[in-house]
Amino acid sequence: MSNAITAEKLSFSYPSQNEGEPVRVFEGLDLNIEEGSFVAILGHNGCGKSTLAKHFNAVLLPEGGSVHVFGLDTVDEERLLDIRRTVGMVFQNPDNQMVANVVEEDVAFAPENLGVPTEEIRRRVDDALKTVGMYEYRTHAPHLLSGGQKQRIAIAGVIAMEPRCIVLDEPTAMLDPRGRQEVLDTIVRLNREKGITVVLITHHMTEALRADRVIVMNDGQILTDGTPKEVFTQVELLQGVGLSVPATTQLLYALRQAGYDLPLDALSTEECAQALHEFLKA
Ligand SMILES: Nc1ncnc2c1ncn2[C@@H]1O[C@H](COP(=O)(O)OP(=O)(O)O)[C@@H](O)[C@H]1O
Ligand SMILES: [Mg+2]
0 MSNAITAEKL
10 SFSYPSQNEG
20 EPVRVFEGLD
30 LNIEEGSFVA
40 ILGHNGCGKS
50 TLAKHFNAVL
60 LPEGGSVHVF
70 GLDTVDEERL
80 LDIRRTVGMV
90 FQNPDNQMVA
100 NVVEEDVAFA
110 PENLGVPTEE
120 IRRRVDDALK
130 TVGMYEYRTH
140 APHLLSGGQK
150 QRIAIAGVIA
160 MEPRCIVLDE
170 PTAMLDPRGR
180 QEVLDTIVRL
190 NREKGITVVL
200 ITHHMTEALR
210 ADRVIVMNDG
220 QILTDGTPKE
230 VFTQVELLQG
240 VGLSVPATTQ
250 LLYALRQAGY
260 DLPLDALSTE
270 ECAQALHEFL
280 KA
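Taking numbering that gives the first Met the number 0, I'd label the letters of the sequence shown as residues 0 to 281.
The structure is reproduced here in structure tokens:
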């Protein structure tokens, strides 16, 4: 498998403000993200998740070390457009990402700016709107849609550029549970059906459970990295840095602490219910 994103010995600090010290975020961070994978990044506020995401499409450039996306070095100014086209970004607030008064015009905006021919734009916009399940809304006004629908339009706008990787920085943080579910299902589909590499930054453990790989960051470093089962069974490590674990793990952990012999890695609600059922039956 080849890598979609590679950070090698990445160092970065924000410049000092008001004559204060510069804010050091990364010092020699190494990270690879495999092409085609779905990776969730967790970590408490201020640990560097957004700063890392911004390095993935050259919004920020390394101070030391390097970041490559599909082999392109992000400091290569001549390839900046290719980099931005290859790695699309979705942010927290869907309202800040809307640029037009009609849904389909909004989705067409980025490919139009890239100089994609009109016929091709029509095809891409329709395809992107179908992918996010918003095709019937193509002539609607974006500001009248729900938060989850708006965020799906923002995702359609990114996939209309036909990126190979999409980085979403807390895309569900401002949504209600239903909107969160819609957006998460869309993200999973992009990865599973379209083969797009997905990097999802999230605070929601239930969202991270859907990923192939979970990376937990703390203070600009990788605290732990593995499958959801490998990561979430490290309850004490996660709680030690102020992170919660999924409700299923929490329950099983508490029961184990109380001396009951239950598996800690029954992560999904179904697996957890099954484990409890087997235990009570025995
Ligand atoms: N524009 C900025 N200028 C100065 N410091 C910043 C800036 N953006 C973020 N920081 C600081 O960098 C660190 C990492 O921030 P960030 O990447 O936003 O973390 P996260 O997304 O995990 O909450 C924090 O200490 C934050 O205060
Ligand atoms: Mg952030």
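Note that the Cβ used here is the ideal one computed from N, Cα and C, for glycine as well. These figures come from a predicted structure and were not determined experimentally.
For a minimum of 4 consecutive residues, which ranges assigned as the alpha helix (DSSP H) are wholly contained in the segment 116-198?
Segments of the alpha helix (DSSP H) lying fully in the segment 116-198: 117-130, 146-158 and 176-193.
Per DSSP, which residues does P28 bridge with? Please list them.
The residue given as residue 28 occupies position 29 in the sequence shown. In the sequence as displayed, the identity of residue 28 is Leu instead of Pro. The partner list for L28 (beta bridge, DSSP) reads L9.
Rounded C-alpha distance that separates A109 from L51
Numbered from 1 along the sequence shown, position 110 holds the residue referred to as residue 109. Numbered from 1 along the sequence shown, position 52 holds the residue referred to as residue 51. About 23 angstroms.
Option in G63, V86, L59 and V101 with minimal Cα separation from G70
The residue you call residue 70 lines up with position 71 of the sequence shown. Per the C-alpha coordinates, the member of G63, V86, L59 and V101 positioned closest to G70 is V86.
In chain order, what residues of the same chain have a beta carbon less than 7 angstroms from the beta carbon of V106, not counting five sequence neighbours either side?
As a first step, residue 106 must be located in the sequence shown, where it is residue number 107. Once the five neighbours on either side are set aside, the close Cβ partners of V106 are V124, A127, L128, I152, A155, G156 and A159.
Might you give, ordered along the chain, the residues of its own chain that have their beta carbon closer than 7 angstroms to the beta carbon of S12, omitting 5 neighbours on each side?
Here residue 12 corresponds to residue number 13 of the sequence shown, with the count starting at 1. Sequence-distant partners of S12 (beyond 5 residues in either direction) whose C-beta falls short of 7 angstroms from its own C-beta, in its chain, are P21, V22, R23, V24 and E62.
For I195, tell me which candidate among E34, C46, L28 and P227 has the shortest Cα-Cα distance.
Translated into positions along the sequence shown, residue 195 becomes position 196. Nearest neighbour of I195 by Cα position, chosen from E34, C46, L28 and P227, turns out to be E34.
If the criterion is Cβ atoms closer than 8 angstroms, does the pair N2 and I40 meet it?
Within the sequence shown, the letter at position 3 stands for residue 2. Within the sequence shown, the letter at position 41 stands for residue 40. Not closer than 8 angstroms, so no.
Contact check, K149 vs M88, beta carbons under 8 angstroms
Taking the sequence shown and counting its residues from 1, one reaches residue 149 at position 150. Taking the sequence shown and counting its residues from 1, one reaches residue 88 at position 89. In this structure, K149 lies away from M88, with their beta-carbon atoms at least 8 angstroms apart.
Please report the distance separating the alpha-carbon of P176 from that of E18.
Position 177 of the sequence shown holds residue 176. Position 19 of the sequence shown holds residue 18. Approximately 43 angstroms, taken between the alpha carbons.
For ligand 2, I want to know if E206 counts as a neighbour, meaning its beta carbon is within less than 7 angstroms of at least one of the ligand's heavy atoms.
Indexing the sequence shown from 1 puts residue 206 at position 207. Outside the cutoff, so no.
On the CB-based measure, 16 or more other CB atoms within 10 Å of its CB, does K48 come out buried or exposed?
Position 49 of the sequence shown, counted from the start, is the residue given in the question as residue 48. By the 10 Å Cβ count, K48 comes out buried.
Does any residue of chain C bring its CB to less than 8 angstroms from the CB of I186?
Going by chain labels, chain C is absent from the structure shown, which holds only one protein chain.
Out of V230, T130, D211 and E206, which one is the CA nearest neighbour of E188?
Sequence index remark: in the sequence shown, residue 188 carries index 189 (1-based). Position check: residue 188 holds Arg in this sequence, whereas Glu was assumed. Comparing Cα positions, the closest option is T130.
Host beta strand (DSSP E) of M88 (start-end):
Here residue 88 is taken as the residue at index 89 of the sequence shown, counted from 1. Looking at the DSSP string, the run of the beta strand (DSSP E) that includes M88 is V86 to V89.
Helix, strand or coil at T201 according to DSSP, with G and I counted as helix:
Along the sequence shown, one-based indexing puts residue 201 at 202. Under the three-state reduction of DSSP output, T201 falls in the coil class, being neither helix nor strand.
DSSP bridge partner residues for T73 (one or two, in chain order):
On the sequence shown, residue 73 is found 74 positions in, with the first residue counted as 1. DSSP lists no partner for T73.
Taking the C-alpha atoms as reference points, what is the distance between R122 and V215?
For the purposes of this step, residue 122 is taken as residue 123 along the sequence shown, with counting starting at 1. For the purposes of this step, residue 215 is taken as residue 216 along the sequence shown, with counting starting at 1. For R122 and V215, the distance between alpha carbons rounds to 38 angstroms.
Would you kindly work out how many angstroms separate the C-alpha atoms of L208 and E118, rounded to a whole number?
Translated into the one-based positions of the sequence shown, residue 208 becomes position 209. Translated into the one-based positions of the sequence shown, residue 118 becomes position 119. In this model, L208 and E118 are separated by some 39 angstroms (Cα to Cα).
Residues near I82 in its chain [Cβ-Cβ closer than 7 angstroms; skip 5 each side]:
Stepping through the sequence shown from its first residue, residue 82 is reached at position 83. Closer than 7 angstroms at Cβ, skipping near neighbours: N56, A57, V68, L71 and T73.
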